[in-house]
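Colleague: Following this message is one structure expressed as structure tokens.
In my numbering, the protein residues as written are 10 to 84.
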């Protein structure tokens, strides 16, 4: 297993954002279609666990990962 990359802090300007929105906002993927597909395929993790719910609510401190990239939700 490879070492994960550094975690980028991404300010969402609020207290909550949905997983699908955050993946795109954080720049982990660049289109809604690829975000939907990556989540459905189990390629995205939240706090180290696969989550297949595009509408999952994320809160400050949650860490989302796709491949070697990770982003932490910040208010």
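Ideal Cβ positions, reconstructed from N, Cα and C, are used throughout, including at glycine.
Under 9 Å, Cβ to Cβ, is there at least one residue of chain D near residue 51?
Modeller: In the displayed structure, chain D is absent; only one protein chain is listed.
Colleague: Excluding sequence positions up to five away, which residues of its chain have a Cβ less than 8 Å from the Cβ of residue 17?
Modeller: Counting from 1 along the chain shown, the entry for residue 17 is found at position 8. Here the set comprises 35, 78, 79, 80 and 81.
Colleague: Mapping DSSP to helix, strand and coil, what is residue 35?
Modeller: Here the question's residue 35 lines up with position 26 in the chain shown. The answer is coil: DSSP assigns residue 35 none of H, G, I, E or B.
Colleague: So what's residue 48 in DSSP terms, helix, strand or just coil?
Modeller: For the purposes of this step, residue 48 is identified with residue 39 of the chain shown, where counting begins at 1. The answer is helix: DSSP assigns residue 48 an H, G or I state.
Colleague: Please tell me whether residue 65 and residue 55 are closer than 9 Å, where the distance is taken between their beta carbons.
Modeller: By one-based count along the chain shown, residue 65 stands at place 56. By one-based count along the chain shown, residue 55 stands at place 46. Going by C-beta atoms, residue 65 is nearer than 9 Å to residue 55.
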